[in-house]
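Worksheet: one structure, shown below.
In the working numbering, the protein residues as written are 1 to 276.
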């Protein structure tokens with residue numbers, strides 16, 4: 001093989017590897033809340049056992065790992081991609097099983113493959129009214145949703161106008177917001193506090209890399225976060241290659257409960273804060 005052919009093969013291999021790992025790399029580099037608290041106003045959780053909320057993103061019917069997640073005997077919060085015809089039926093099923101439902105809002109992440117959005121992304125190219133109408137449409141399709149979080153959104157969550165339009169709908173319907181923290185420049189926490197919208201932010205991504213061992217390690221880090229700061233929020237996923245996430249949760253969560261950590265939904269986490 002000629003040197004030029006070898007170089008071409010290596011370049012193509014590197015390109016394929018980058019495409020397969022790019023979403024994971026983004027999650028791995030995503031920032032952590034600088035003040036430790038999961039609450040956007042940085043208040044601690046006094047006089048309570050450590051609280052731990054697990055959020056599962058990217059919910060669609062038939063996603064790899066979905067059935068295993070739904071079978072777990074713990075209060076989980078499931079973020080449903082709303083711009084799909086089966087979103088409402090999936091939400092009703094999850095709520096009937098006693099889990100919590102939130103909307104997983106596709107939001108502009110810049111120069112990415114459009115297929116990653118799994119729907120119409122909210123972006124700065126839309127007017128305030130278009131954004132409010134889109135979020136309202138999704139809430140109507142999934143009335144079981146108690147709150148919402150961003151799917152991707154590294155660009156949109158930096159745009160205060162866009163964030164305000166989303167939060168106006170959340171406030172009108174009495175929903176909370178979870179900032180997935182896909183960028184350190186997010187304006188979601190500050191804007192939510194200003195607007196009086198209940199807001200929390202994730203502590204760690206559990207499966208920034210695929211594999212059960214990775215998730216197990218992240219769960220132990222998340223437990224330490226909860227024990228240190230009073231509460232923690234971890235985000236995991238269903239979908240291609242994510243089967244290890246449910247297996248890791250099934251293995252580690254009983255141990256964390258035995259350590260005195262209380263597993264809660266996001267609504268329960270917010271309620272503990274408001275009661276103290």
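Ideal Cβ positions, reconstructed from N, Cα and C, are used throughout, including at glycine. Remember, predicted model here, so these are calculated numbers, not experimental data.
Task: For residue 259, the three-state DSSP class (helix, strand or coil) - done: coil
Task: Candidates 185, 97, 207 and 168: closest to residue 195 by CA position - done: 168
TODO: Would you kindly work out how many angstroms separate the C-alpha atoms of residue 82 and residue 147, rounded to a whole number?
DONE: 12 angstroms
Task: Extent of the continuous alpha helix (DSSP H) to which residue 165 belongs - done: 160-172
Task: Pairwise C-alpha distance: residue 137 and residue 76 - done: 25 angstroms
Task: Through-space distance from residue 190 to residue 48, alpha-carbon basis - done: 26 angstroms
Task: Local conformation of residue 206 per DSSP, three classes - done: coil
Open item on the list: Counting beta carbon pairs with one atom in the region 217-224 and one in the region 60-69, are three or more of them shorter than 8 angstroms?
Closed with: Contact fails between the region 60-69 and the region 217-224, because fewer than three Cβ pairs, one in each stretch, are under 8 angstroms apart.
Task: As assigned by DSSP and simplified to three states, the class of residue 176 - done: strand
Task: Reduced DSSP category for residue 157 - H, G, I as helix; E, B as strand; rest coil - done: helix
Open item on the list: What does the Cβ neighbour count give for residue 206, buried or exposed, with the cut at 16 atoms within 10 Å?
Closed with: buried
TODO: Figure out for me which residue from 112, 204 and 91 has the closest Cα to the Cα of residue 233.
DONE: 204
Open item on the list: For residue 134, tell me which candidate among 249, 122 and 273 has the shortest Cα-Cα distance.
Closed with: 122
Task: Three-state secondary structure (DSSP) of residue 144 - done: coil
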